[in-house]
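Engineer: Going line by line, the protein sequences match chains A and B.
Per the working numbering, the very first residue in the first sequence carries number 1; after that it's consecutive.
Per the working numbering, the very first residue in the second sequence carries number 1001; after that it's consecutive.
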Amino acid sequence: MFKWILAAGAAALALSTPVLAQQGGGNKGGGGKPEKAAKADHGGGGGGKQARIERGGDVAPARGNRARSEDKARTSGKVERMALPSRSEDRGRIVRDGKDSVRAAQRKPEKVEKRVAKADRDTMDSGRMVRLDDDRRGERGLIDGCPPGLARKANGCLPPGRFQKLGSALSPAFASRMLDGAYQQWYRDDERFFYRDDGDYIYRVNRNGGLIDALFPLADRDFSYYPVGMDYPSQFDQYNVPQQFQSFYPDGGDYDYRYGDGAIYQVDPSTNAIQSIVALLAGDLGVGQQMPVNYGAYNVPLDYRDRYYDTPDAMYRYNDGYIYQADPKTQLITAVIDAIV
Amino acid sequence: MTKPWMLGCVAALALVACGKQSEPAATSVPAAEKAGKETLATGLGNNARLAEAARAAGLEATLAGPGPYTLLAPSDAAFDKLPAGALDTLMKPEGRAELTAVLSHHILPGTILAADLGKAIDAGKGKALVATIGGGTLTATRDGERIVLADAVGTRAIVTAADQERSNGVLHQVDSVLMPTQ
């Protein structure tokens, strides 16, 4: 994890505009990319508009959707490829500031999340943005220019390789680990594929043969996007756009599209360089979880307000292409009531 | 055949210098069609520095995409309130990750009108917590007739012009830049 501050000496203090505070741990990126992986089939039930969807019910509490991380290692002014580490070592240890932990706390009830106070960790550096490592274990941080959990290798910062390999059979230990939170809606099992996670990564498994067809990090760190200019991690270079956005962002044209930790990226197919962020996703809501306390404000898109307005018996909130229904009394999200993208 | 970058240039005219085929696409054709013409991206005529920052972060396609989002749009004067050199640092290539994080702290999921914030504030007995798309939380309060949004360290952004409806969301002008804190 890192901490960012906007260090501008006395001027910054006087203005009380502090602060780019710590970022969620540095675990994004892709290591070496000897060659672009062959494109996998698009998983899932096709993107695009769904008609009415009503799901309710028996869904495990959200474990959380994102683990924002980011990388900054660069050489000679060029963004360097980086990669995500396994999250197993991070589990339950995401450090957050109390004021901003609302969403995380809602999403990850079984994980202890807290944020360290940042003020005593800030550092001034004559007007430059400074990111400090957040030593969750006291010894972590940028080591040889790599985020926590990554190791410097000849071809960049690489993950420890704890994820199951593409093309291998999914471990039986994870066969019953259904996705939860927003991911359960974004990546729905269908006749061709099913999705499971091992706590660190999401795996798309081809029912025909049972082999892993795609994988990407089960991320859950906030404010941490792949910056434009870096390469999308080659280890996860399979089409993985959430199903509700697939009709907007298909592969096969002039650009590829990839999801990663809260954003959909437009990628140059020939270089794998991220050219643009085409959508930001919150990943906050999931059927079966409590409505986060920071969703008190009604946010249903204007065109849908005549159908979905809060009443004493039902409340509605929008998130990432879906309108969710919740019980105002219990704040329990009971259904995805409409898909609007 | 219309290339995606062409339509993207139209959709994000306020943000993207178009005309060169080497320009990356601002968004895909289907996404631009869904977003409509009067997008958040094209609504930044009075927010030149925000528009420039969005372009630097590669977020112009997001603002030109389907959304919908609620954009808290800091004025140019708001950026002037940042510490000297801060924005310049963010605008450098090595500052893109941080810049993206900062901008995402001004984007809220869905369409939240000022009245929606007001109702939530009233229901919350004077304040309401609001999720940002980047994973943060803002605190909304009233200051007289005005809505104020504050970040975790207390920076207050007053909504100076609310409810500028766009085809892919709504835009509120604010007078300060809010900072993400984790």
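Even glycine gets a Cβ: it sits at the ideal position worked out from N, Cα and C.
(1) I want to check one thing, is the minimum distance from the CB of Phe216(A) to the heavy atoms of the ligand HEM below 7 Å?
(2) Report back the beta-carbon spacing between Asp1116(B) and Ala273(A) to the nearest angstrom; my notes put them in contact at under 8 Å.
(3) Quick one: Cα of Gln325(A) to Cα of Thr1111(B), how far?
(4) Considering only the beta carbon of each residue, do Gln266(A) and Ala1061(B) sit closer than 8 Å?
(5) With contact counted as at least three CB pairs below 8 Å, one residue from each stretch, are the segment 292-311 of chain A and the segment 250-267 of chain A in contact?
(6) Return the CA-CA distance between Asp198(A) and Met178(A), expressed in angstroms with no decimal places.
(7) How far does the beta strand (DSSP E) with Ile1121(B) in it reach, from first residue to last?
(8) What does a CB cutoff of less than 8 Å around Ala1101(B) pick up in its chain, not counting 5 residues either side in sequence?
(9) Please state whether the Cβ-Cβ distance between Thr1070(B) and Val1177(B) is less than 8 Å.
(10) Going by DSSP, what residue range makes up the beta strand (DSSP E) through Val336(A)?
(11) Taking 7 Å as the limit between beta carbons, can you name the residues of its chain near Tyr318(A), skipping five residues before and five after?
(12) Can you pull the chain A residues whose beta carbon is under 7 Å from the beta carbon of Leu1129(B), in chain order?
(13) Whole angstroms are fine: how far does the CA of Arg196(A) sit from the CA of Ser176(A)?
(14) Mind checking whether Gln185(A) and Val341(A) have CB atoms under 8 Å apart?
(15) Output needed in chain order: residues of the segment 1049-1061 of chain B with a Cβ under 9 Å from some Cβ in chain A.
(16) State the CB to CB distance for the pair Thr1139(B) and Leu1129(B), rounded to an integer number of angstroms; the pair is presumed to be in contact (CB under 8 Å).
(17) CA-CA distance, Ile337(A) and Arg307(A)?
(18) Below 7 Å CB to CB, which residues in the same chain sit around Leu285(A) once its five sequence neighbours on both sides are set aside?
(19) In chain B, which residues lie with their C-beta within 7 Å of the C-beta of Pro312(A)?
(20) Use the C-beta contact count for Ala169(A): other C-beta atoms within 10 angstroms, 16 or more gives buried, fewer gives exposed.
(21) At a CB-CB cut-off below 8 Å, which residues of chain B make contact with Asn299(A)?
(22) Measure the alpha-carbon distance for Pro1074(B) versus Ser234(A) and round it to whole angstroms.
(23) Output, in chain order, the set of chain B residues within a Cβ distance shorter than 8 Å of Asp284(A).
(24) Between Pro269(A), Met230(A), Val205(A) and Phe236(A), which lies nearest to Pro217(A) when the distance is taken from Cα to Cα?
(25) Note the first and the last residue of the continuous beta strand (DSSP E) segment covering Ser276(A).
(26) How long is the line joining the alpha carbons of Ile264(A) and Pro1030(B), rounded to whole angstroms?
(27) Look at Arg1166(B) and Gly1085(B) and say whether their C-beta atoms are less than 8 Å apart.
(28) Quick check on DSSP: helix, strand or coil for Ala1035(B)?
(29) For the beta strand (DSSP E) containing Val267(A), name the first residue and the last one.
(30) Based on Cα-Cα distance, which residue from Asp200(A), Arg188(A), Gly210(A) and Gln289(A) lies nearest to Pro172(A)?
(31) To the nearest angstrom, how far is the alpha carbon of Arg192(A) from that of Asn294(A)?
(32) Measuring only the C-alpha atoms, how far is Pro1066(B) from Pro250(A)?
(33) Measuring only the C-alpha atoms, how far is Asp58(A) from Glu1094(B)?
(34) Excluding the five sequence neighbours on either side, which residues of its own chain have a C-beta within less than 8 Å of the C-beta of Leu1082(B), listed in chain order?
(35) Which of the three DSSP states, helix, strand or coil, is assigned to Met178(A)?
(36) Using CA coordinates, which residue listed in Gly321(A), Leu280(A), Pro312(A) and Asp254(A) is at the minimum distance from Tyr226(A)?
Structural biologist: The short version:
(1) Because no ligand of any kind appears in the structure shown, any question about the ligand HEM cannot be addressed here.
(2) With a Cβ gap of about 39 Å, Asp1116(B) and Ala273(A) do not count as contacting.
(3) Cα to Cα, Gln325(A) sits roughly 16 Å from Thr1111(B).
(4) Yes, these two residues count as a Cβ contact at 8 Å.
(5) Contact between the segment 292-311 of chain A and the segment 250-267 of chain A is absent, because fewer than three Cβ pairs lie under 8 Å.
(6) So the alpha carbons of these two residues sit roughly 9 Å apart.
(7) In this chain, Ile1121(B) is not harboured by any beta strand (DSSP E); it is covered by the alpha helix (DSSP H) spanning Ala1114 to Ala1123.
(8) Closer than 8 Å at the Cβ level, and outside the excluded window around Ala1101(B), lie Gly1134 and Pro1180.
(9) No, Cβ-Cβ distance for Thr1070(B) and Val1177(B) is not below 8 Å.
(10) Here the beta strand (DSSP E) through Val336(A) covers Ile333 to Ala339.
(11) Closer than 7 Å at Cβ, skipping near neighbours: Asn299, Val300 and Pro301.
(12) Simply Val102, Val293, Asn294 and Gly296.
(13) Using only the alpha carbons, I get a separation of about 7 Å.
(14) Taking the C-beta atoms as reference points, Val341(A) is found no nearer than 8 Å to Gln185(A).
(15) For the segment 1049-1061 of chain B, which is checked against every Cβ of chain A, the residues closer than 9 Å are Ala1056, Ala1057, Gly1058, Leu1059, Glu1060 and Ala1061.
(16) In this structure, Thr1139(B) and Leu1129(B) form a Cβ contact; the two beta carbons are roughly 6 Å apart against a cut-off of 8 Å.
(17) One C-alpha to the other measures close to 11 Å.
(18) Closer than 7 Å at Cβ, skipping near neighbours: Ala182, Arg317, Asn319, Tyr324 and Ile333.
(19) Contact of Pro312(A) with chain B by beta-carbon distance below 7 Å is absent, the smallest such distance being about 13 Å.
(20) Under this definition Ala169(A) is an exposed residue.
(21) Residues of chain B passing the Cβ test: Thr1070, Leu1108, Pro1109, Gly1110, Thr1111, Ile1112 and Asp1116.
(22) Here the C-alpha atom of Pro1074(B) lies approximately 36 Å from the C-alpha atom of Ser234(A).
(23) Per Cβ cutoff of 8 Å: Pro1109 and Ala1131.
(24) Checking every option, the nearest Cα to that of Pro217(A) belongs to Phe236(A).
(25) Ser276(A) -> beta strand (DSSP E) spans Ile274 to Leu280.
(26) Between the alpha carbons of Ile264(A) and Pro1030(B) lies a gap of roughly 15 Å.
(27) Contact check for Arg1166(B) against Gly1085(B) fails: the beta carbons are separated by 8 Å or more.
(28) It is helical.
(29) For Val267(A), the enclosing beta strand (DSSP E) starts and ends at Ala263 to Val267.
(30) Closest by C-alpha distance to Pro172(A), out of Asp200(A), Arg188(A), Gly210(A) and Gln289(A), is Gly210(A).
(31) Those two C-alpha atoms are separated by around 37 Å.
(32) When rounded, the distance between both Cα atoms is 15 Å.
(33) With a pLDDT of only 34 at Asp58(A), under the threshold of 50, the placement of this residue in the model should not be trusted, and no figure is reported.
(34) Excluding residues up to 5 positions away in sequence, Val1177 lie with their Cβ nearer than 8 Å to the Cβ of Leu1082(B) in the same chain.
(35) Of the three classes helix, strand and coil, the one that applies to Met178(A) here is coil, per DSSP.
(36) For the residues Gly321(A), Leu280(A), Pro312(A) and Asp254(A), the minimum Cα distance to Tyr226(A) belongs to Leu280(A).
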